[in-house]
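For the sequence shown, position 146 (counting from the first letter as 1) is numbered 146 according to the numbering used here, and the numbering increases by one without interruption. The structure under discussion appears below in the form of C-alpha coordinates.
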Amino acid sequence: MKAYVELVRAPAALTVLGDTVAGSAAAGLKMTGRRLLLPLSSVAFYWAGMALNDWADRKLDAVERPERPIPSGRVSAGAALTTGTVLTAAGLGLAALGGGRRAMRVAVPLAASVWAYDTVLKPTPAGPVAMAACRTLDVLLGAGDSPKKAATAAAAVGVHTLGVTALSTGEVHGAKPGTARAALATSCAATTLALTGPARGGWHRAASMAAGSGYAGLVGRAQADAVRDPSAKSVRSATKSGIHGMVPLQAAVTAKGSVLGAVLVAAALPIARKLSRKVSPT
(Lines of atoms letter the chains of each structure in order from A and count residues from 1; the text may use other names and numbers.)
(Lines give C-alpha, C1' and ligand atoms only; values in the text may rest on other atoms or scores of the structure.)
Protein backbone atom coordinates (compact mmCIF):
# COMPACT_ATOMS: atom_id res chain seq x y z
CA MET A 1 0.00 0.00 0.00
CA LYS A 2 2.84 2.40 0.77
CA ALA A 3 4.16 1.94 -2.75
CA TYR A 4 0.79 2.86 -4.26
CA VAL A 5 0.50 5.87 -1.94
CA GLU A 6 3.85 7.04 -3.35
CA LEU A 7 2.81 6.18 -6.91
CA VAL A 8 -0.23 8.48 -6.86
CA ARG A 9 1.31 11.04 -4.45
CA ALA A 10 -1.82 10.46 -2.37
CA PRO A 11 -1.56 13.40 0.10
CA ALA A 12 -1.06 15.90 -2.74
CA ALA A 13 -4.66 15.27 -3.79
CA LEU A 14 -5.65 17.54 -0.91
CA THR A 15 -4.55 20.40 -3.16
CA VAL A 16 -7.13 19.49 -5.83
CA LEU A 17 -10.21 19.26 -3.61
CA GLY A 18 -10.75 23.01 -3.80
CA ASP A 19 -10.91 23.21 -7.61
CA THR A 20 -14.57 22.28 -7.94
CA VAL A 21 -15.41 24.16 -4.72
CA ALA A 22 -13.92 27.32 -6.25
CA GLY A 23 -15.76 26.73 -9.52
CA SER A 24 -19.01 26.14 -7.69
CA ALA A 25 -18.66 29.30 -5.57
CA ALA A 26 -17.75 31.40 -8.61
CA ALA A 27 -20.85 30.12 -10.41
CA GLY A 28 -23.05 30.91 -7.41
CA LEU A 29 -23.81 27.26 -6.67
CA LYS A 30 -23.79 25.40 -3.35
CA MET A 31 -21.56 22.38 -2.85
CA THR A 32 -24.19 20.20 -1.18
CA GLY A 33 -25.92 16.86 -1.71
CA ARG A 34 -24.64 14.76 -4.59
CA ARG A 35 -22.44 17.64 -5.73
CA LEU A 36 -20.09 16.75 -2.87
CA LEU A 37 -18.94 13.88 -5.10
CA LEU A 38 -17.36 16.35 -7.54
CA PRO A 39 -14.28 17.08 -5.38
CA LEU A 40 -13.82 13.31 -5.03
CA SER A 41 -13.97 13.03 -8.82
CA SER A 42 -11.13 15.55 -8.97
CA VAL A 43 -9.10 13.45 -6.55
CA ALA A 44 -9.62 10.33 -8.68
CA PHE A 45 -8.46 12.18 -11.82
CA TYR A 46 -5.44 13.57 -9.96
CA TRP A 47 -4.38 10.16 -8.70
CA ALA A 48 -4.95 8.69 -12.16
CA GLY A 49 -2.68 11.34 -13.64
CA MET A 50 0.08 10.61 -11.13
CA ALA A 51 -0.04 6.86 -11.83
CA LEU A 52 -0.01 7.45 -15.58
CA ASN A 53 2.84 9.93 -15.18
CA ASP A 54 5.05 7.32 -13.53
CA TRP A 55 4.03 4.69 -16.06
CA ALA A 56 4.95 6.96 -18.97
CA ASP A 57 8.22 8.09 -17.28
CA ARG A 58 9.32 4.65 -16.07
CA LYS A 59 12.45 4.48 -18.27
CA LEU A 60 13.51 8.03 -17.43
CA ASP A 61 12.84 7.46 -13.73
CA ALA A 62 15.04 4.36 -13.84
CA VAL A 63 17.93 6.75 -14.49
CA GLU A 64 16.93 9.93 -12.65
CA ARG A 65 14.69 8.64 -9.82
CA PRO A 66 15.36 4.93 -9.31
CA GLU A 67 13.69 5.06 -5.89
CA ARG A 68 10.24 5.64 -7.45
CA PRO A 69 7.77 2.70 -7.14
CA ILE A 70 8.08 1.39 -10.72
CA PRO A 71 11.88 1.43 -11.28
CA SER A 72 12.44 0.14 -7.75
CA GLY A 73 10.26 -2.87 -8.56
CA ARG A 74 7.64 -2.22 -5.86
CA VAL A 75 4.91 -1.62 -8.46
CA SER A 76 4.93 -3.17 -11.93
CA ALA A 77 4.41 -1.04 -15.04
CA GLY A 78 1.24 -2.97 -15.84
CA ALA A 79 -0.17 -2.43 -12.36
CA ALA A 80 0.52 1.31 -12.62
CA LEU A 81 -1.27 1.51 -15.97
CA THR A 82 -4.21 -0.44 -14.56
CA THR A 83 -4.31 1.89 -11.55
CA GLY A 84 -4.45 4.93 -13.82
CA THR A 85 -7.21 3.37 -15.92
CA VAL A 86 -9.36 2.36 -12.95
CA LEU A 87 -8.98 5.75 -11.28
CA THR A 88 -9.94 7.51 -14.52
CA ALA A 89 -13.10 5.41 -14.69
CA ALA A 90 -13.78 6.24 -11.04
CA GLY A 91 -13.39 9.94 -11.76
CA LEU A 92 -15.88 9.76 -14.62
CA GLY A 93 -18.33 7.77 -12.51
CA LEU A 94 -18.16 10.19 -9.59
CA ALA A 95 -18.61 13.14 -11.94
CA ALA A 96 -21.70 11.52 -13.46
CA LEU A 97 -23.20 10.84 -10.04
CA GLY A 98 -22.35 14.26 -8.68
CA GLY A 99 -23.25 16.47 -11.62
CA GLY A 100 -25.04 14.39 -14.25
CA ARG A 101 -24.71 15.15 -17.95
CA ARG A 102 -23.61 18.72 -17.32
CA ALA A 103 -20.59 17.56 -15.35
CA MET A 104 -19.80 14.85 -17.90
CA ARG A 105 -19.46 17.50 -20.61
CA VAL A 106 -16.41 18.67 -18.68
CA ALA A 107 -15.27 15.39 -17.10
CA VAL A 108 -14.78 13.59 -20.41
CA PRO A 109 -12.44 16.21 -21.94
CA LEU A 110 -10.74 16.49 -18.54
CA ALA A 111 -9.98 12.77 -18.52
CA ALA A 112 -8.78 12.98 -22.13
CA SER A 113 -6.51 15.90 -21.22
CA VAL A 114 -4.97 13.97 -18.32
CA TRP A 115 -4.15 11.03 -20.57
CA ALA A 116 -2.87 13.26 -23.38
CA TYR A 117 -0.57 15.14 -21.02
CA ASP A 118 0.96 12.07 -19.41
CA THR A 119 1.32 9.86 -22.47
CA VAL A 120 2.11 12.32 -25.27
CA LEU A 121 2.42 16.00 -24.41
CA LYS A 122 4.43 16.14 -21.18
CA PRO A 123 7.93 16.14 -22.76
CA THR A 124 6.91 18.63 -25.47
CA PRO A 125 6.64 22.44 -25.30
CA ALA A 126 2.86 21.95 -25.09
CA GLY A 127 3.20 20.07 -21.80
CA PRO A 128 2.65 23.00 -19.40
CA VAL A 129 -0.30 24.22 -21.48
CA ALA A 130 -1.88 20.75 -21.36
CA MET A 131 -1.50 20.54 -17.59
CA ALA A 132 -2.97 24.04 -17.25
CA ALA A 133 -5.93 22.85 -19.33
CA CYS A 134 -6.46 19.96 -16.92
CA ARG A 135 -6.72 22.21 -13.88
CA THR A 136 -8.81 24.78 -15.73
CA LEU A 137 -11.32 22.09 -16.67
CA ASP A 138 -11.28 20.77 -13.12
CA VAL A 139 -12.46 24.15 -11.81
CA LEU A 140 -15.16 24.27 -14.50
CA LEU A 141 -16.30 20.81 -13.39
CA GLY A 142 -17.85 22.50 -10.37
CA ALA A 143 -19.55 25.29 -12.32
CA GLY A 144 -22.59 23.35 -13.51
CA ASP A 145 -24.62 25.30 -16.07
CA SER A 146 -22.63 28.51 -15.52
CA PRO A 147 -19.11 27.98 -16.90
CA LYS A 148 -18.89 31.62 -18.00
CA LYS A 149 -19.36 32.80 -14.41
CA ALA A 150 -16.46 30.60 -13.32
CA ALA A 151 -14.19 31.52 -16.25
CA THR A 152 -12.03 33.96 -14.26
CA ALA A 153 -11.68 31.49 -11.39
CA ALA A 154 -10.68 28.74 -13.81
CA ALA A 155 -8.20 31.06 -15.50
CA ALA A 156 -6.55 31.89 -12.16
CA VAL A 157 -5.92 28.23 -11.39
CA GLY A 158 -4.93 27.49 -14.99
CA VAL A 159 -2.40 30.33 -15.20
CA HIS A 160 -0.87 29.30 -11.87
CA THR A 161 -0.61 25.70 -13.07
CA LEU A 162 1.08 26.82 -16.29
CA GLY A 163 3.89 28.51 -14.38
CA VAL A 164 4.38 25.75 -11.83
CA THR A 165 4.47 23.04 -14.50
CA ALA A 166 6.94 24.94 -16.68
CA LEU A 167 9.24 25.49 -13.70
CA SER A 168 8.95 21.86 -12.57
CA THR A 169 10.81 20.69 -15.69
CA GLY A 170 13.96 21.84 -13.92
CA GLU A 171 13.51 19.69 -10.82
CA VAL A 172 16.35 17.35 -11.75
CA HIS A 173 18.85 19.52 -13.66
CA GLY A 174 17.81 23.04 -12.68
CA ALA A 175 15.90 25.65 -14.66
CA LYS A 176 16.75 28.60 -16.84
CA PRO A 177 16.44 31.97 -15.07
CA GLY A 178 13.92 33.04 -17.72
CA THR A 179 11.67 30.10 -16.87
CA ALA A 180 11.76 30.99 -13.18
CA ARG A 181 10.93 34.62 -13.96
CA ALA A 182 8.03 33.51 -16.17
CA ALA A 183 6.68 31.31 -13.36
CA LEU A 184 6.81 34.26 -10.97
CA ALA A 185 4.96 36.39 -13.53
CA THR A 186 2.19 33.79 -13.84
CA SER A 187 1.78 33.79 -10.06
CA CYS A 188 1.30 37.55 -10.13
CA ALA A 189 -1.29 37.13 -12.88
CA ALA A 190 -3.05 34.35 -10.95
CA THR A 191 -3.26 36.58 -7.86
CA THR A 192 -4.85 39.36 -9.90
CA LEU A 193 -7.36 36.99 -11.51
CA ALA A 194 -8.28 35.41 -8.17
CA LEU A 195 -9.08 38.78 -6.63
CA THR A 196 -10.88 40.12 -9.71
CA GLY A 197 -14.65 40.23 -9.89
CA PRO A 198 -17.55 40.89 -7.53
CA ALA A 199 -17.82 39.56 -3.98
CA ARG A 200 -21.00 38.94 -1.99
CA GLY A 201 -20.02 41.42 0.71
CA GLY A 202 -17.25 43.17 2.59
CA TRP A 203 -16.30 40.13 4.68
CA HIS A 204 -16.14 38.03 1.54
CA ARG A 205 -13.80 40.53 -0.09
CA ALA A 206 -11.62 40.73 3.03
CA ALA A 207 -11.37 36.94 3.26
CA SER A 208 -10.47 36.76 -0.42
CA MET A 209 -7.75 39.37 0.01
CA ALA A 210 -6.32 37.51 3.01
CA ALA A 211 -6.19 34.20 1.15
CA GLY A 212 -4.77 35.88 -1.94
CA SER A 213 -2.02 37.49 0.14
CA GLY A 214 -1.20 34.10 1.65
CA TYR A 215 -0.96 32.60 -1.82
CA ALA A 216 1.27 35.38 -3.14
CA GLY A 217 3.58 35.10 -0.13
CA LEU A 218 3.86 31.30 -0.19
CA VAL A 219 4.39 30.87 -3.91
CA GLY A 220 6.00 34.19 -4.79
CA ARG A 221 8.76 33.89 -2.18
CA ALA A 222 9.76 30.40 -3.33
CA GLN A 223 9.70 31.38 -7.00
CA ALA A 224 11.72 34.53 -6.30
CA ASP A 225 14.34 32.29 -4.68
CA ALA A 226 14.35 30.16 -7.85
CA VAL A 227 14.91 33.30 -9.93
CA ARG A 228 18.00 34.14 -7.85
CA ASP A 229 19.21 30.52 -7.76
CA PRO A 230 17.61 28.32 -10.46
CA SER A 231 19.35 25.17 -9.19
CA ALA A 232 17.51 21.86 -8.98
CA LYS A 233 17.13 22.19 -5.21
CA SER A 234 15.54 25.64 -5.44
CA VAL A 235 13.29 24.55 -8.29
CA ARG A 236 12.07 21.51 -6.34
CA SER A 237 11.29 23.75 -3.38
CA ALA A 238 9.44 26.23 -5.60
CA THR A 239 7.51 23.42 -7.28
CA LYS A 240 6.41 22.01 -3.94
CA SER A 241 5.32 25.48 -2.82
CA GLY A 242 3.50 25.91 -6.11
CA ILE A 243 1.56 22.69 -5.57
CA HIS A 244 0.64 23.67 -2.02
CA GLY A 245 -0.12 27.19 -3.22
CA MET A 246 -3.13 25.85 -5.09
CA VAL A 247 -4.99 25.77 -1.76
CA PRO A 248 -4.84 29.47 -0.78
CA LEU A 249 -5.46 30.38 -4.43
CA GLN A 250 -8.63 28.26 -4.44
CA ALA A 251 -9.61 29.80 -1.10
CA ALA A 252 -9.17 33.33 -2.48
CA VAL A 253 -11.55 32.53 -5.34
CA THR A 254 -14.03 30.67 -3.12
CA ALA A 255 -14.17 33.39 -0.45
CA LYS A 256 -15.80 35.86 -2.83
CA GLY A 257 -18.85 33.62 -2.84
CA SER A 258 -18.56 31.63 0.39
CA VAL A 259 -16.36 32.43 3.38
CA LEU A 260 -17.19 29.08 5.00
CA GLY A 261 -16.24 27.27 1.81
CA ALA A 262 -12.95 29.15 1.71
CA VAL A 263 -12.17 28.20 5.32
CA LEU A 264 -12.84 24.54 4.58
CA VAL A 265 -10.64 24.67 1.48
CA ALA A 266 -7.82 26.43 3.35
CA ALA A 267 -7.92 23.76 6.09
CA ALA A 268 -6.36 21.32 3.62
CA LEU A 269 -3.07 23.26 3.45
CA PRO A 270 -1.52 22.43 6.86
CA ILE A 271 -2.51 18.78 6.43
CA ALA A 272 -1.01 18.63 2.93
CA ARG A 273 2.22 20.28 4.06
CA LYS A 274 2.58 17.92 7.01
CA LEU A 275 1.97 14.82 4.91
CA SER A 276 4.37 16.03 2.20
CA ARG A 277 7.19 15.29 4.63
CA LYS A 278 6.25 11.63 4.36
CA VAL A 279 5.25 11.46 0.67
CA SER A 280 6.68 14.04 -1.72
CA PRO A 281 4.07 15.74 -3.93
CA THR A 282 6.57 16.06 -6.81
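All C-beta atoms, glycine included, are put in the ideal place defined by N, C-alpha and C.
Terminal residues of the alpha helix (DSSP H) in which residue i lies
i: G178; result: P177 to L195
i: G84; result: A77 to A116
i: T20; result: L17 to A26
i: E67; result: It is not in any alpha helix (DSSP H) - E67 carries neither H nor E in the DSSP assignment.
i: V129; result: G127 to L140
i: T254; result: M246 to A255
i: G283; result: Given a span of 1 to 282 for the chain in the structure shown, any question on residue 283 remains unanswerable.
i: V5; result: K2 to L7
Local conformation of residue i per DSSP, three classes
i: S42; result: helix
i: K122; result: coil
i: T169; result: coil
i: R200; result: coil
i: G73; result: coil
i: D57; result: coil
i: L29; result: coil
i: G144; result: coil
i: S234; result: helix
i: R34; result: helix
i: P281; result: coil
i: S241; result: helix
i: G217; result: helix
i: K149; result: coil
Nearest residue (CA-CA) to residue i, options the options
i: A96; options: P128, L36 and S231; result: L36
i: V114; options: G127, S234 and G98; result: G127
i: P230; options: T169, G174, A150 and F45; result: G174
i: A27; options: V247, A12, L7 and K149; result: K149
i: R228; options: T192, L92 and K176; result: K176
i: V280; options: T192, P69 and R221; result: Reading off the sequence, residue 280 comes out as Ser, not Val. When each option's Cα is compared against that of S280, the closest is P69.
i: A143; options: A22, K240, K274 and I243; result: A22
i: V14; options: Y46, S24 and L7; result: It is worth fixing the name first, because residue 14 is Leu in this sequence and not Val. Minimum Cα distance to L14 is reached at Y46.
i: L264; options: A25, G158, M1 and G49; result: A25
i: Q250; options: G84, M131, A182 and V139; result: V139
i: L17; options: Q223, S258, A268 and P71; result: A268
i: A48; options: R34, A12, L60 and D61; result: A12
i: G160; options: G98, D19, T82 and E67; result: Rather than Gly, the amino acid found at residue 160 in this sequence is His. Considering only alpha carbons, the answer is D19.
i: V8; options: T191, L110, L184 and A79; result: A79
i: K274; options: G170, R74 and A10; result: A10
i: A111; options: R101, G217 and A133; result: A133
i: V129; options: G197, A183 and T83; result: A183
i: A226; options: V106, R181, S276 and V63; result: R181
Nearest-angstrom beta carbon gap, residue j and residue i [assumed within contact, 8 Å]
i: S213; j: K256; result: Between K256 and S213 the Cβ distance is about 14 Å, and since that is not below 8 Å, they are no contact.
i: M31; j: G261; result: 7 Å
i: L167; j: V235; result: 6 Å
i: S241; j: V219; result: 6 Å
i: R205; j: A199; result: 4 Å
i: S42; j: L137; result: Rounded, the Cβ-Cβ distance is 10 Å, inconsistent with contact.
i: T186; j: G163; result: 3 Å
i: P66; j: R58; result: Contact flag wrong, Cβ pair sits at about 11 Å.
i: G99; j: L40; result: G99 to L40, Cβ: 12 Å. No contact.
i: G84; j: W55; result: 6 Å
i: A266; j: L195; result: Going by Cβ atoms, the distance from A266 to L195 rounds to 15 Å, so no, they are not a contact pair.
i: V172; j: E64; result: 5 Å
| query | If you pair each beta-carbon of the region 120–138 with each one of the region 81–95, do three or more pairs fall below 8 Å? | reply | no
| Segment contact, 8 Å Cβ cut-off, at least three pairs: the region 152–161 with the region 68–88 | no
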